[in-house]
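Engineer: Take a look at this one; I'll ask things after.
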Amino acid sequence: MRESVRRTVREERWQGLGVCDGIVLGRVLRIHNGARHIYRATLEEADVVREVRRWRAAVRLARRQLLKIKARAERVLGSEHAYIFDSHLLMLEDQKLLDDVESFIRLERANAEWAVKVVGDRILAVYAEIKDDYLRERGSDIEDVMQRILVALSGEGPRYRRLTEDAVIVSEDLLPSAVAELDFKYARAIATDAGGWTSHTAIIARGLGIPAVVGLRDLYRRARTGDPVIVDAISGEVILHPSKETIEHYDSLSADNRRAGLAVADNAPGPLRTEDGVDVVLRANLELPAEFEGVKRFGARGVGLYRSEFLMSQRGRMPSEEEQCQAYEEIARLAGEDGATIRLFDLGGDKAVGTFSDGERNPALGLRAIRFSLRHKDELRKQARAVLRAAAHGRLSIVLPMISDLTDVRQARRIINEERESLTRRGIPTGQVRMGAMIEVPAAVLIADKIAREVDFFSLGTNDLVQYLLAVDRGNDAVADWFRSLHPSVLASIKQTIEAARAASIPAVVCGEMASTPAYAAILVGLGATELSMTINAIPRVRRTVAGINAGEARKIAEECLECETADDVEELVRVRLGSRWPHLFPPKSLPAPKSQE
Ligand code: PEP
Ligand code: MG
């Protein structure tokens, strides 16, 4: 509270988009989104010695922090996982590295941060050229160490240490790399400047059932760690320095209202059918281990989408084959007989790539997903081996992200088959793995019939499909009004994809965020979807939705929607037609939902 005494403590309000319901009173914890902006400062000659001292002190601090982290990792993960920090400690003792930074500060009269960046980038450039997989991976260790020194220079401690029980995470955008640093057990709410309904912050928040508001524009700049804050994800409002009256008002709300975001688990739910007897299967989308426990609790029929790139963000580097194999085995165990679909790394775009990132101008259209894997074939081979080996112990499928051409499918399949043959030659057991394609690029929709002939299933990624069809950045709140899941072109694309799958007798699983919103789920069933995969917390709600609708009627409403001219028309029609027939699909708060929720 010392902070707030010094500063003006007038209540300030921000309106954003609530993406996971609930109301939380807590204290701000500012989290940088990962990419530090480093600037160069030229020092006065007299300040150089002090700067060198500051640099040495930061190295000592980083070392102390690393030793503590190592001890914690040993306790929590076991000593076999803590060895990684030994190499980081060795780097911090590398005399050449320390001397290089120090001479840079002296010769260039530069601030320590800039010296660390320049020297670090030079070393990273050398590592990036190395052909050997193992050595090249060490590049990300160097990045990690550099990052740690920069944190030490800024005087911040390791981030997870500051998570208190009432932490409200405030960030510009919560990149997967930042997510890895957080112990979400203690995070009460999330509030970010950027983001939309389908941004990864929103997906993570819903996966963990943490109330979240995104699109708050400049909250991060205005908030200070420790500031009292209220996050009302039901109205989408965030209140900094709430007045006594505001706090009393929120205190008076019932507990039910406050934690609306947490779904109530269904007890041992059986098969799911619409009123007129159409079977619908609900599966889980998974990113973080913290969500795993919910798969059984919420009655998911297996894992419809495992976003494997989160393995990288948890570690801040590419995971090894062993690490991946273990992770996939665990997912397979979790999914049981219903099986799990491992999506090959969907790196690039809005998902961090760390060492591999070349600062693309237009990352959403860049070296993303399958393109990344085909360009970094060693990584693809490694991932393929890990899934094939894990499949010997459970039911696994592979899905290829961002397919836009059949050549991508064929190349990936060839490589996966080669890896299977080589494992078999070496006597290493593998399991049968079905292979599917993500349909999330307009080109893939247009050739869905051709793709369907060459894959075992489709995963329909509506988040990217909307982004690419409508040319609207899914994470940019400035264009959130144009992100319209119910745009007639989106509905027509979904229908075309489902029909192509049906004609080829392969399943199509809808795994974008649309599937987790009751009114949208009803429309998806109306468009012919019978498999939906979603964030686990949404499963009980969507289950109730599907059980309470009639697929035949939903089909008629979906057909009417397809005839509409604009997204507004579809939204109005959905509200009126679905709302009058099944009012429970529109709880009071979500009435203006389809448009503003996007
Ligand atoms: C999608 O694009 O809809 C999807 C399921 O994948 P992601 O959100 O990870 O891009
Ligand atoms: Mg996608």
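Add 871 to the 1-based position in the sequence shown for the working numbering, that's all there is to it.
Cβ atoms here follow ideal geometry from the backbone N, Cα and C, with glycine treated the same way.
1) Spatial neighbours of T1416 within its chain, please: C-beta separation below 7 Å, excluding the five flanking residues on both sides.
2) In whole angstroms, what separates the C-alpha of E1402 from that of L1331?
3) Can you list, in chain order, the residues of its chain whose CB lies under 6 Å from that of D1103, leaving out five sequence neighbours each side?
4) Mind listing which residues have their beta carbon within less than 5 Å of any non-hydrogen atom of the ligand MG? Chain order is fine.
5) Counting only beta-carbon separations shorter than 8 Å, does I1118 have a partner in chain D?
6) Please report the residue range of the alpha helix (DSSP H) in which D1103 lies.
7) Please report how far the alpha carbon of F956 lies from the alpha carbon of R935, in whole angstroms.
8) Taking DSSP as the reference, what is the three-state secondary structure of K1460?
9) Is C1382 close to the ligand PEP? I mean its beta-carbon at under 7 Å from any heavy atom of the ligand.
10) Is T1069 a contact residue of the ligand PEP, with contact defined as CB to any heavy atom under 7 Å?
11) Give the straight-line distance between the Cα atoms of K1366 and G1399, rounded to the nearest whole angstrom.
12) On the DSSP bridge assignment, give the partners of F1181 in chain order.
13) I'd like the span of the alpha helix (DSSP H) that includes V1441, first residue to last.
14) Roughly how many whole angstroms lie between the Cα atoms of R1448 and A1065?
15) Identify every run of the beta strand (DSSP E) within the stretch 1380-1435, keeping only runs that are complete inside it and at least 3 residues long; order them along the chain.
16) From the DSSP secondary-structure annotation, give me the bridge partner or partners of D1344.
17) Please confirm whether M1309 and R1284 have their CB atoms less than 8 Å apart.
18) Just to confirm my understanding: we take L1357, look at its own chain, exclude 5 residues before and 5 after, and list those with CB closer than 8 Å. What are they?
19) Given the structure, does L1153 come close to the ligand PEP, in the sense that its CB is under 7 Å from one of the ligand's heavy atoms?
20) Measuring from the CB of L1176, is there a heavy atom of the ligand PEP at a distance below 7 Å?
21) Where does S1042 sit, in a helix, a strand or coil, going by DSSP?
22) Among the residues of its own chain, which have a CB less than 6 Å from the CB of A986, if the five just before and after it don't count?
23) Let me check one thing: in DSSP terms, what residues is F1329 bridge-paired to?
24) Using DSSP bridges, identify the partner residues of N1156.
25) Shorter than 7 Å, the distance from the beta carbon of D1217 to the closest heavy atom of the ligand PEP, or not?
26) Can you list, in chain order, the residues of its chain whose CB lies under 6 Å from that of E1180, leaving out five sequence neighbours each side?
27) Which same chain residues end up closer than 6 Å to T1333 when comparing Cβ atoms and leaving out the 5 residues on each side of it in sequence?
28) Can you find a heavy atom of the ligand GDP that lies under 7 Å from the Cβ of I1074?
29) Where in the stretch 1220-1306 do unbroken runs of the beta strand (DSSP E), each at least 3 residues long, occur, reported from the N-terminal end onward?
30) Does the distance from the C-beta atom of I1274 to that of I1241 stay below 8 Å?
31) Does the distance from the CB of F1163 to the CB of P1411 come in under 8 Å?
32) Between A1262 and E1290, which are expected to be in contact by the criterion C-beta below 8 Å, what is the C-beta distance as a whole number of angstroms?
33) Take V1085 as the anchor and find which of R1281, C1196 and V1041 has the nearest alpha-carbon.
34) Using only the alpha-carbon positions, how far apart do R1204 and L1236 sit?
35) May I have the straight-line CA-CA distance separating P1190 from Y1121, to the nearest angstrom?
Structural biologist: Taking the geometry as given:
1) To locate residue 1416, count along the sequence shown from 1; it is residue 545. These residues qualify, in order along the chain: P1389, A1392, A1393 and L1456.
2) Here residue 1402 refers to the residue found at position 531 when the sequence shown is read from its first residue. Here residue 1331 refers to the residue found at position 460 when the sequence shown is read from its first residue. Cα to Cα, the separation comes out at about 10 Å.
3) Start at 1 with the first residue of the sequence shown, and residue 1103 comes out as number 232. Excluding positions up to five away in sequence, the list reads I894.
4) E1311, G1332 and D1335
5) Although the question refers to chain D, the structure presented lacks it and comprises just one protein chain.
6) Translated into the one-based positions of the sequence shown, residue 1103 becomes position 232. First-last for D1103: P1099 to D1103, but that is the beta strand (DSSP E), not the alpha helix (DSSP H).
7) Working through the sequence shown from its first residue, we reach residue 956 at position 85. Working through the sequence shown from its first residue, we reach residue 935 at position 64. Each residue's alpha carbon lies about 12 Å from the other.
8) As a working mapping, residue 1460 is identified with position 589 in the sequence shown. Only weak support is given to the placement of K1460: the predicted model assigns it a pLDDT of 44, under 50, and the question is left unresolved by the model.
9) As a position in the sequence shown, residue 1382 is number 511, starting the count at 1. The answer is yes for C1382.
10) Taking the first residue of the sequence shown as position 1, residue 1069 is located at position 198. T1069 Cβ: within cutoff of the ligand PEP.
11) The residue given as residue 1366 occupies position 495 in the sequence shown. The residue given as residue 1399 occupies position 528 in the sequence shown. Rounded to the nearest angstrom, the two C-alpha atoms are 7 Å apart.
12) Translated into positions along the sequence shown, residue 1181 becomes position 310. DSSP lists no partner for F1181.
13) For the purposes of this step, residue 1441 is identified with residue 570 of the sequence shown, where counting begins at 1. Start and end: A1438 to L1444.
14) As a working mapping, residue 1448 is identified with position 577 in the sequence shown. As a working mapping, residue 1065 is identified with position 194 in the sequence shown. So the alpha carbons of these two residues sit roughly 33 Å apart.
15) 1402-1406
16) The residue labelled residue 1344 in the question sits at position 473 within the sequence shown. Beta-bridge pairing links D1344 to no other residue.
17) Position 438 of the sequence shown, counting from 1, holds the residue named residue 1309. Position 413 of the sequence shown, counting from 1, holds the residue named residue 1284. Not a contact, by the Cβ cut-off of 8 Å.
18) For the purposes of this step, residue 1357 is identified with residue 486 of the sequence shown, where counting begins at 1. Contacts found: Y1391, I1394, C1432, A1438, V1441, E1442, V1445 and P1465.
19) Counted from its first residue, the sequence shown places residue 1153 at position 282. Flag unset: Cβ of L1153 not near the ligand PEP.
20) For the purposes of this step, residue 1176 is taken as the residue at position 305 of the sequence shown. L1176: yes, Cβ under 7 Å from the ligand PEP.
21) For this step, residue 1042 is matched to residue 171 along the sequence shown. Note: S1042 maps to strand in three-state DSSP.
22) Along the sequence shown, one-based indexing puts residue 986 at 115. These residues qualify, in order along the chain: V972, F975 and I976.
23) Mapped onto the sequence shown, residue 1329 falls at position 458. Paired residues: A1308 and A1379.
24) Numbered from its first residue, the sequence shown carries residue 1156 at position 285. Beta-bridge pairing links N1156 to L1176 and T1406.
25) Here residue 1217 refers to the residue found at position 346 of the sequence shown. Yes, the ligand PEP has a heavy atom inside 7 Å of this Cβ.
26) Numbered from 1 along the sequence shown, position 309 holds the residue referred to as residue 1180. Only F1216, D1217, L1218 and K1222 meet the Cβ criterion.
27) For the purposes of this step, residue 1333 is taken as residue 462 along the sequence shown, with counting starting at 1. Cβ neighbours of T1333 beyond the five flanking positions: G1383 and M1385.
28) This structure simply doesn't include the ligand GDP; it includes the ligand PEP and the ligand MG instead.
29) 1267-1271
30) Here residue 1274 corresponds to residue number 403 of the sequence shown, with the count starting at 1. Here residue 1241 corresponds to residue number 370 of the sequence shown, with the count starting at 1. Cβ distance < 8 Å, so I1274 and I1241 count as in contact.
31) Within the sequence shown, numbered from 1, the residue matching residue 1163 stands at position 292. Within the sequence shown, numbered from 1, the residue matching residue 1411 stands at position 540. No, Cβ-Cβ distance for F1163 and P1411 is not below 8 Å.
32) Looking up residue 1262 in the sequence shown gives position 391. Looking up residue 1290 in the sequence shown gives position 419. Their Cβ separation, rounded to whole angstroms, is 12 Å, which puts A1262 and E1290 out of contact at 8 Å.
33) The residue labelled residue 1085 in the question sits at position 214 within the sequence shown. Among R1281, C1196 and V1041, the Cα nearest to that of V1085 is on V1041.
34) The residue given as residue 1204 occupies position 333 in the sequence shown. The residue given as residue 1236 occupies position 365 in the sequence shown. R1204 and L1236: Cα-Cα distance of roughly 35 Å.
35) Residue mapping note: residue 1190 aligns to position 319 of the sequence shown, counting from 1. Residue mapping note: residue 1121 aligns to position 250 of the sequence shown, counting from 1. Rounded to whole angstroms, P1190 to Y1121 spans 44 Å at the Cα level.
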